[in-house]
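With our numbering applied, the sequence shown has no gaps in its numbers, which climb one by one up to 373 at the end.
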Amino acid sequence: IKVKPVSFWNLSNDFYYDFNNEEEILSKRRINSSQNLDFIFYPIFRTINELRYFHRPLFALPNYHKSWLYIELSSIDNSKKSIRTKSDLTARYGEIILFEYSEQYPVLLNEIGMFGKIRTYLRPQYFKAHTTAFEVDYGELIYTHASPFLWPIPRGLNIQTMENNMFIAPIYRQTSLRNDFLIVFNRKNGFSIRNIDNIFITGQQCPLMEVPIPQSKRVNLFQRDLLQIHIYRLFLHSNEIPRRIRIDDIKRVFPRLAESSIRKRLKTSANFRRTDDCNSWILRDDFRLPTEDEICELIKPEFCCAYASMTAAEQRLKDAGFCEKYNMNFDDDEQSNYSPELNDEILQAPWNTTRAYLGAIKGKYLMQVFGIG
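The structure is reproduced here in structure tokens:
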């Protein structure tokens with residue numbers, strides 16, 4: 001993006017607040033596309049099998065049989081960069097980079113539509129400015145003497161990272177084999193095949209946010225806000241005058257919630273009316289329905305990922321036979337009441353590891369460098 005010349009008397013320094021490049025603008029658009037919290041990409045309630053295979057979902061295939069199938073070789077069209085609708089979230093076009101986590105159960109995982117940024121931190125050999133040019137294939141290059149991790153960067157060396165609002169992790173580029181390929185399936189265009197040129201291994205995550213504890217106040221508030229968002233959107237999509245919805249439409253999305261909890265949230269914005277054919281909730285005249293932008297501000301996509309990580313870890317603990325005590329009893333103002341009786345599986349739960357790591361960064365707790373996990 002070229003900076004337009006400004007007047008000599010213009011001291012606002014607006015160009016310092018502009019986007020650095022076109023990729024940064026596109027990353028902001030990707031954030032907006034994921035803020036809608038579409039239930040297709042952000043499922044609220046997952047089945048037990050989906051929770052057990054949360055980190056590696058099963059790929060359902062029909063019965064094996066031999067047949068000849070014509071698969072189109074996908075042409076890479078880098079001109080199609082803008083991601084504005086759900087149909088644009090496809091691996092059929094554009095340049096694709098694959099990341100494989102080295103951890104068996106990563107603490108946090110991005111959902112579809114969320115972005116991540118690749119950064120290369122280079123520590124110069126001397127304290128003065130660098131003398132030799134250093135180029136990177138992806139992301140941005142940052143010259144620094146401080147390390148984004150707990151360990152320092154040796155002089156003259158660099159480290160690549162994957163960063164987002166949830167975590168930062170080191171990445172290492174791998175050599176792709178000639179026989180590696182990717183098959184993309186689209187309901188409209190069918191199958192397409194393309195080469196895999198860029199593969200990275202993602203190291204251990206350093207969380208930037210905390211995973212909530214099961215059945216905590218944060219989880220209850222999240223479920224309440226999620227229910228309220230769905231109610232608002234049902235009213236927005238209603239074409240009847242006055243706007244009305246049925247409680248059965250909410251139960252399809254929230255099958256595990258009690259009807260009393262749903263009625264409690266409906267009473268804040270609607271009145272119940274009993275009719276012959278069906279019972280409806282009609283939007284009150286004195287209630288201002290929020291816009292789509294205001295609805296998106298209620299819940300951030302990052303907390304949806306933290307909630308999904310919590311439910312998957314909770315299911316793994318239940319499968320292992322733990323049904324009562326899941327947390328390490330952290331206090332907000334005191335040190336953790338660590339008990340040696342807690343099992344290793346509980347200590348490695350994401351709500352315990354994230355809170356312990358963030359507390360150690362702030363100087364509240366001591367970090368155990370070696371051990372489990």
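Built from N, CA and C at the ideal position, the CB exists for glycine as well. As the structure is a prediction and not an experimental result, all values here were calculated from the model.
- Residue pairing by DSSP puts I199 in a beta bridge opposite L98, Q174.
- Beta-bridge partners of M162 (DSSP): I118, A169.
- In its chain, beyond the 5 residues on either side, no residue has a beta carbon closer than 6 Å to the beta carbon of I96.
- Looking at S261, F99, I213, L236, the one whose alpha-carbon comes closest to that of K117 is F99.
- In the structure shown, Y232 adopts helical secondary structure according to DSSP, grouped into three states.
- Beta-carbon to beta-carbon, A349 and L317 are separated by about 7 Å, close enough to satisfy the 8 Å threshold.
- In this structure, DSSP gives C304 a helical state, which the three-state scheme calls helix.
- In this structure, the CA atom of S269 is about 25 Å from the CA atom of P301.
- The straight-line gap separating the alpha-carbon atoms of C304 and P255 is approximately 18 Å.
- The beta carbons of L51 and Q315 sit about 4 Å from each other, so the pair counts as a contact at 8 Å.
- A residue is called buried when at least 16 other Cβ atoms come within 10 angstroms of its Cβ; S87 does not meet this threshold and is exposed.
- If you draw a straight line from the Cα of I295 to the Cα of Y232, it comes to about 8 Å.
- S261 and S192 have their C-alpha atoms spaced approximately 46 Å apart.
- Beta-bridge analysis with DSSP links W281 to I245, F272.
- In the structure shown, the three-state DSSP call for R263 is helix.
- Residue pairing by DSSP leaves E292 without any beta bridge partner.
- The beta carbon of P242 sits closer than 7 Å to the beta carbons of I282, L283 from its chain, once the five residues preceding and following it are set aside; these are given in chain order.
- Its Cα nearest to that of T202, the residue L109 stands out among R46, L227, L109.
- A residue is called buried when at least 16 other Cβ atoms come within 10 angstroms of its Cβ; F59 does not meet this threshold and is exposed.
- Look at Y357 here: in three-state DSSP terms it is helix.
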